[in-house]
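Here's the structure we're looking at; comments come further down.
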Amino acid sequence: MTVLVTGAAGFIGFSAARALLQRGEPVLGIDNLNDYYDVRLKEARLAELRKHGDFRFQKLDVADWDGMMAVAKANPGIDRMVHLAAQAGVRHAMVDPMSYMRSNLDGHVILLEVARRLEGLKHIAYASTSSVYGDSKAMPFSIHDPVDKPRSLYAATKRGGELISLAYSQLFGIPMTGLRFFTVYGPWGRPDMAAWLFAAAIIEGRPLQLFNSGKMERDFTYIDDIVFGILAALDRIPALDAEGRRHALYNLGNNAPEDLRRFLAIIEQTCGRKAIIENLPMQPGDVVKNNADITESRRDLGYEPRTPIDVGLPNFIKWYRDFYGK
Ligand SMILES: NC(=O)c1ccc[n+]([C@@H]2O[C@H](COP(=O)([O-])OP(=O)(O)OC[C@H]3O[C@@H](n4cnc5c(N)ncnc54)[C@H](O)[C@@H]3O)[C@@H](O)[C@H]2O)c1
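Laid out in structure tokens, this is it:
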């Protein structure tokens, strides 16, 4: 029994892998360690995971067909997968579009082809995103909403991953659960996201960029809540639906949208310093608000977000200061 975790050196992959190891599960981690952000942070996360006996790691691209097939052959004991490897980020898709096609579409199909070849495979939990809802005005976003108006290539590729999963669960009977994460933050977080960008700039006394004067709302979701949701989803194989598929989708959000300006104020307060703000217009691809309807996640997964930003942000900033000695 082994759980394959893709994107294991990433923010959420590392956090999920650590939780799996802590509950005694053998984990095989895969990551291509790309340089979208500082590779030393990814390596530091892997060093943490290596402190656990049952962790193995392979540096590999999920879109490398031969490499991934070799993983399937060498590890017939993989019985579950947590698929988190992806090219993330809404804005970067305008800089390097093909990295989204390769990691999020080719990589997704190849992972499912690996799954087809693993006889003992029981379930795949995979990452999707709140970005699939685009700029929908129907709040909160429900998994029953139409999601056919993506505002970025990132959102389009992640929606593509959901549709590919639906097809594979139908064609090959692979049970799968897609998880739409909402703006995740916390210790070991991602350097391209607001919590990190704001805290780093304030601590270093640099100006920070605030889009749309901070007039945005996000369901900022703490990493521990997300990890609870991932493990609960992994442990629950979806029931067979009327069309013969075992496929489910869940929102994992905080269900409490916060004004970005309050988010920034808590960071300022925790750091004990005011931000130097450079106001910029709304960025293409960005959305004004997101808010998760978590009715089904509560009902089926027992998911209940427990960490408000007043607690989560100070936790993150403490980790950041310890990690960088600042
Ligand atoms: N962090 C969020 O707020 C958020 C929100 C919605 C969805 N997601 C999704 O959650 C997942 C994890 O995101 P994260 O925040 O941990 O990002 P991350 O960038 O920290 O982690 C992704 C990891 O995948 C690896 N990777 C990328 N392409 C790969 C490839 N082709 N082959 C192998 N490894 C590859 C990267 O090196 C990285 O370590 C992604 O699927 C992302 O789309 C994240």
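For the sequence shown, our numbering gives the first residue as 190, with consecutive numbering after it.
From the three backbone atoms N, C-alpha and C, an ideal C-beta is built for every residue, glycine too.
If you follow the beta strand (DSSP E) that residue i is part of, which residue opens it and which one closes it?
{"i": "residue 195", "result": "191-195"}
{"i": "residue 428", "result": "That residue, residue 428, is in no beta strand (DSSP E); it is neither H nor E in DSSP."}
{"i": "residue 440", "result": "436-441"}
{"i": "residue 267", "result": "267-272"}
Just curious, the alpha helix (DSSP H) that residue i is in, first and last residue?
{"i": "residue 211", "result": "200-211"}
{"i": "residue 256", "result": "254-263"}
{"i": "residue 390", "result": "383-393"}
{"i": "residue 454", "result": "449-460"}
{"i": "residue 513", "result": "498-513"}
{"i": "residue 230", "result": "228-238"}
Name the DSSP bridge partner or partners of residue i?
{"i": "residue 218", "result": "194, 246"}
{"i": "residue 398", "result": "467"}
{"i": "residue 493", "result": "The partner list for residue 493 (beta bridge, DSSP) is empty, contrary to what the question assumes."}
{"i": "residue 281", "result": "Answer by DSSP bridge pairing: none, since residue 281 is not bridged."}
{"i": "residue 516", "result": "Beyond the ends of the chain as shown, which are 190 and 515, falls residue 516; an answer cannot be given."}
{"i": "residue 407", "result": "447"}
When DSSP labels each residue in this structure, what does residue i get in the three-state scheme?
{"i": "residue 414", "result": "helix"}
{"i": "residue 478", "result": "strand"}
{"i": "residue 287", "result": "helix"}
{"i": "residue 488", "result": "helix"}
{"i": "residue 298", "result": "helix"}
{"i": "residue 419", "result": "helix"}
Does residue i come within less than 8 Å of chain D when only Cβ atoms are used?
{"i": "residue 352", "result": "Judged by its chain identifiers, the structure shown contains no chain D, having just a single protein chain."}
State yes or no: is the C-beta of residue i nearer than 7 Å to some heavy atom of ligand 2?
{"i": "residue 221", "result": "Judged by which ligands are present, ligand 2 is missing from the structure shown, whose ligands are ligand 1."}
Do the region 465-482 and the region 402-415 touch if we need at least three Cβ pairs shorter than 8 Å? Touching, per the Cβ criterion.
Would you list, in sequence order, the uninterrupted alpha helix (DSSP H) runs of no fewer than 4 residues that lie entirely inside the region 300-372? Fully enclosed alpha helix (DSSP H) runs of 4 or longer: 342-361.
Pairing CB atoms from the region 292-299 with CB atoms from the region 343-353, are three or more of them under 8 Å? The region 292-299 is in contact with the region 343-353.
Using 8 Å as the threshold, is the region 419-429 in touch with the region 365-376, meaning 3 or more CB pairs across them? Contact holds between the region 419-429 and the region 365-376, because three or more Cβ pairs, one in each stretch, are under 8 Å apart.
Assess contact between the region 312-326 and the region 373-380, defined as three or more Cβ pairs (one per stretch) separated by less than 8 Å. Is contact present? Taking a contact to require three or more Cβ pairs closer than 8 Å, the region 312-326 and the region 373-380 do not qualify as touching.
Would you call the region 216-229 and the region 193-206 touching, i.e. three or more CB-CB distances under 8 Å? Here the region 216-229 makes contact with the region 193-206; the two share three or more CB pairs at distances below 8 Å.
Examine the Cβ distances between the region 302-309 and the region 255-275 and report whether three or more of them are shorter than 8 Å. Yes: the two stretches touch, three or more of their Cβ pairs being nearer than 8 Å.
The region 279-295 contacting the region 335-346, beta-carbon criterion three pairs below 8 Å: With contact defined as three or more Cβ pairs closer than 8 Å, the region 279-295 and the region 335-346 are in contact.
Measuring CB atoms only, is the region 435-449 touching the region 241-253, in the sense that at least three cross pairs come out at less than 8 Å? Taking one beta carbon from each stretch, the region 435-449 and the region 241-253 have fewer than 3 pairs nearer than 8 Å; the two do not touch.
Counting pairs of beta carbons, one from the region 376-395 and one from the region 329-340, are three or more of them closer than 8 Å? Judged by Cβ distances under 8 Å, the region 376-395 makes no contact with the region 329-340, as fewer than three pairs qualify.
Given 8 Å, three or more beta-carbon pairs between the region 199-211 and the region 230-238: Yes, since at least three Cβ pairs between the region 199-211 and the region 230-238 fall closer than 8 Å, the two stretches touch.
With a cut-off of 8 Å, do at least 3 Cβ pairs link the region 381-399 to the region 441-461? When C-beta atoms of the region 381-399 are compared with those of the region 441-461, three or more pairs fall below 8 Å, so the two segments count as touching.
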